[in-house]
Structures are given as C-alpha cells and as structure tokens.
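Q:
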Amino acid sequence: MVNPSFENHPEFFFPSKIDKNIMVYDAEAKKMVVKKSQEAEIKLAEIPFVRLRDKLNWDMDKKLSFKEQVQAVEYSLQQNYCLELDLENTSIVYQDRVVKLTPLEFSIYFVLLDSKKGCNNKECIRCAKCFLNPREFPVENFILILKKIWGNWSLRVENIEKRLTTKDTLSWFLQNKSRINSKINSVFKGKHLEIVGKKNYGSTTYGVFVVKEQVKFKGFKLFSN
Ligand SMILES: [Zn+2]
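Following the numbering used here, the numbering of the sequence shown begins with 890 at its first residue and continues without gaps.
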C-alpha cells in the first residue's frame, strides 16, 4: 500500500529508481503540490484472500454482473445448511432455528419447495422456472399434504378443497404468502427463505430462491426426487 497522494498516480511506479518531483494532490491542503517520489511511504498490507471461484458452479460463459456473482456464491454457500420441512410439527427448520407455521401455510410452502426440488434445470440456483403460478396452484398436491396433517377424512380438508377448486386461488395464495413471509422474516431476516414473486410474461410466479439440494422433507415426501 502506498500513501493516498501517490496512489494511482501515472508518474509514480514502485519501486521508483530515480527520485523525481511529481505533482500530487494533497488531500489535507486540498490542492496540488509538488512532492519528491521518495516521500512515498510503502506499507505491506495483508489482504485476506478467499478462493470462491469453485462455488460459482455454473456455466462461466454466462455474463454475470459482479452483484450476480456474489449472489451466486452466497447461494452456493447456503448449501452447507439444510432447510428442513418438518411435517409433524408443520415447521421450517434452518440453522437450528424454527419457524412454526399453520398446517395451511406449511402445505403451501411445502408445495412450492417440492416444485423446486423437482426442477429439471441443472443450474437451479437463481432459477424461477420451478416457481408456480397461484392460478395454476397444484391443489391436489396441497390437499395430499393437508390430509397427512389432518387425516384423510377431515372435514376441514374437504372444505378447503371445495373452496380451492371452485374459486380463484390467487387472492387466497397471496394472503397466505404474506403471513408465511412475515413469520419467516421474524426469524430469518435476509436468509432468502421467504416466498418471492417473479414476473413472467404478464403473470407472476412464486417460489423460494433456495438451492434445491439443501431442501429436506422430514416425515413425508411428495412426488419429486
Ligand atoms: Zn428451478
């Protein structure tokens, strides 16, 4: 490291063989001054270096902005943690912390993550192909999970099924999404576990931007691998 006035100066090279006077900007005096190149102070700085290239486990030909690369690495690092969906307790477990959901909320979250787990996209990291359109919400999958929680002959399940097969599912979904997200955010703010929407040709699909390999279903598996 070199002191600021010499930093990035086109006439200053380290090490400078011949002492010469160069015009530099003096930040304290706030003006240009002449300084001898010998006045440059060189300090060795320790810069931490962490090799994360291998965490960018996708096609490097894809042009990604710096921000996107950082995000991709963050998502990759997330894989070290498992996101567990615990059917028996209708809870989300992540990094030893728990979000308790109602059976309805849990079943919605389950269906979204089941879709993510079944995604055919090899690079399903920032992938929204596996997101679902609430208007085409897979009610039958959702009902299957609810039956696991409330029992096959539950009247509550029957009523919900009736409601979802006869009326529009969008507003129902959005209300539940907000409730789920506020519960998740109260425990895991900034951990990317909340349900997000992605605009797609005029309609919006919803899902969770987690790495599919980290999702584990405890107590019950649905259709995908
Ligand atoms: Zn996907």
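Built from N, CA and C at the ideal position, the CB exists for glycine as well.
Less than 8 Å between the C-beta atoms of ILE1049 and LEU1035, yes or no?
A: Yes, Cβ-Cβ distance for ILE1049 and LEU1035 is below 8 Å.
Q: Look at the alpha carbon of GLY1108 and the alpha carbon of ILE981, and state the distance between them as a whole number of angstroms.
A: Computed Cα separation, rounded: 13 Å.
Q: Give the DSSP-derived three-state secondary structure of ASN910 in the structure shown.
A: Strand, per DSSP.
Q: Flag VAL1006 as yes when its Cβ comes closer than 7 Å to any non-hydrogen atom of ligand 1, and as no otherwise.
A: Note on identity: in this sequence residue 1006 is Lys, with Val being the wrong assignment. False, no ligand heavy atom lies under 7 Å from that Cβ.
Q: Kindly indicate which residue of LEU1053, ILE1073, ALA929 and LEU1001 has the alpha-carbon position closest to the one of ILE907.
A: Nearest of LEU1053, ILE1073, ALA929 and LEU1001 to ILE907, Cα basis: ALA929.
Q: Give me, in chain order, the residues of the same chain whose beta-carbon lies closer than 6 Å to that of LEU1053; leave out the 5 immediate sequence neighbours on both sides.
A: Only VAL1028 meet the Cβ criterion.
Q: Using 7 Å as the cut-off, classify the Cβ of ASN1010 as near or not near the heavy atoms of ligand 1, replying yes or no.
A: Answer for ASN1010: yes, Cβ within range of ligand 1.
Q: Say the cut is 7 Å; is the CB of LYS1018 nearer than that to a heavy atom of ligand 3?
A: Ligand 3 is absent from the structure shown, which contains only ligand 1.
Q: Using a Cβ-based criterion (distance less than 7 Å to any ligand heavy atom), does CYS1013 qualify as near ligand 1?
A: Yes; taking the cut-off as 7 Å, the Cβ of CYS1013 has a heavy atom of ligand 1 nearer than that.
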